[in-house]
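Taken in sequence, the protein lines are chains H and S.
Everything in the first sequence is counted per this note's numbering, starting at 25 for the first residue and increasing by one.
Everything in the second sequence is counted per this note's numbering, starting at 27 for the first residue and increasing by one.
Glycine residues also receive a C-beta, built at the ideal position from the N, C-alpha and C atoms.
Scroll down for the structure; my scribbles are underneath it.
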Amino acid sequence: AQSVAQPEDQVNVAEGNPLTVKCTYSVSGNPYLFWYVQYPNRGLQFLLKYITGDNLVKGSYGFEAEFNKSQTSFHLKKPSALVSDSALYFCAVRVNTGFQKLVFGTGTRLLVSP
Amino acid sequence: GAGVSQSPSNKVTEKGKDVELRCDPISGHTALYWYRQSLGQGLEFLIYFQGNSAPDKSGLPSDRFSAERTGGSVSTLTIQRTQQEDSAVYLCASSLYPGLARRETQYFGPGTRLLVL
Chain H
25 AQSVAQPEDQ VNVAEGNPLT VKCTYSVSGN PYLFWYVQYP NRGLQFLLKY ITGDNLVKGS
85 YGFEAEFNKS QTSFHLKKPS ALVSDSALYF CAVRVNTGFQ KLVFGTGTRL LVSP
Chain S
27 GAGVSQSPSN KVTEKGKDVE LRCDPISGHT ALYWYRQSLG QGLEFLIYFQ GNSAPDKSGL
87 PSDRFSAERT GGSVSTLTIQ RTQQEDSAVY LCASSLYPGL ARRETQYFGP GTRLLVL
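Now the structure itself:
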């Protein structure tokens, strides 16, 4: 089965420090990977996706993600965290069932302290 | 509108009642998806529409759940005889390109928070 795993329930980082939110995947064939962010009482907002090409994908709000095929990882990164980045982050993989069904990880809560 | 909209934003109902949740996708988006977000199950896929047809209903948790889409736009998710375990946030998403298009990205609405007492 195609899936993603987010090993950390919560990540704590101080404002101004770099942040990493981890995601590993298990897929057959080429992976189509996504990151979404959810702020309190809000829906999911698309951040970025990897389809093919450059392993470093740049997205919204200064976020980027690095695709690593040998480690089957797609970690989300940002060079300098902001308090406003505090939210719930979801990694997802597109399952090839004939349409774009997303399978999500369990989510990682990011807390950025002032 | 600019994004996916859902109504109501919050719904409180009594066990055994029926509820209808509405989704207005981004204008022109042909594909529409329903997901459910709950504490115990995380984010799970429910159903997918391409136009007005639903080629995949595999995620619907029981026959109490049904959905329809009319005019290739608005969709309604109906839950009959609600149970307490139906309490969750129901999220709708839409996308422009159908099928396995590489450019495909799903955009989500704010969700409907359902509480069954």
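For S/Asp82, a Cβ of chain H is located within less than 9 Å of the residue's own Cβ. In the DSSP assignment, H/Cys47 falls outside any beta strand (DSSP E), carrying neither H nor E. Between S/Arg90 and S/Gln67, the CB-CB gap reaches or exceeds 9 Å. Separation of the CB atoms of H/Ser27 and H/Val127 is rounded to 6 Å, and the pair is thereby assigned contact status at 8 Å. Listed in chain order, the non-local C-beta contacts of H/Lys101 below 6 Å within the same chain comprise Thr44 and Glu88, local neighbours out to five positions each way being set aside. DSSP, reduced to helix, strand and coil, places H/Gly86 within a helical segment of the structure shown. By DSSP's assignment, S/Leu141 forms a beta bridge with S/Val38. Taking 9 Å as the CB threshold, S/Gln32 lines the interface with chain H.
Chain-ordered, the chain H residues with CB closer than 8 Å to the CB of S/Ser121 read Gln124. Taking the beta carbon of H/Gly131 as reference, the chain S residues within 8 Å of it are Gly68 and Leu69, listed in sequence order. Within the segment 50 to 117 of chain S, the beta strand (DSSP E) runs of at least 3 residues that lie entirely inside it are, in chain order, 57 to 64, 68 to 76, 79 to 82, 91 to 95 and 101 to 105. For H/Ser94, there is no enclosing beta strand (DSSP E), as DSSP marks it with neither H nor E.
For H/Val61, the secondary structure class from DSSP, reduced to helix, strand or coil, is strand. At a cut-off of 9 Å between beta-carbon atoms, S/Pro136 makes contact with chain H. Ranked by Cα distance from H/Asn41, the options H/Leu80, H/Tyr74, H/Asn54 and H/Pro103 are led by H/Pro103. Spatial neighbours of S/Ala114 in its own chain (CB-CB distance under 7 Å, excluding positions within 5 residues in sequence) are listed in chain order as Arg62, Gln63, Ser64 and Leu140. Chain order gives the chain H residues near S/Gln132 as Gln124 and Leu126, where near means a beta carbon separation below 7 Å.
Taking 9 Å as the CB threshold, H/Asn92 stays off the interface with chain S. Boundaries of the beta strand (DSSP E) harbouring H/Tyr74: Leu68 to Tyr74, taken from the DSSP string. Neighbours of H/Gly67 across chain S, judged by C-beta separation under 7 Å: Leu117, Phe134, Gly135, Pro136 and Gly137. In this structure the segment 46 to 56 of chain S does not lie against the segment 59 to 78 of chain H, because fewer than three pairs of beta carbons, one per stretch, are closer than 8 Å. Sequence-distant Cβ neighbours of H/Tyr56 in its own chain, meaning closer than 6 Å and more than five residues away, are Ile75 and Arg118. Following the DSSP letters along the chain, one finds H/Arg133 inside the beta strand (DSSP E) bounded by residues Thr132 to Ser137.
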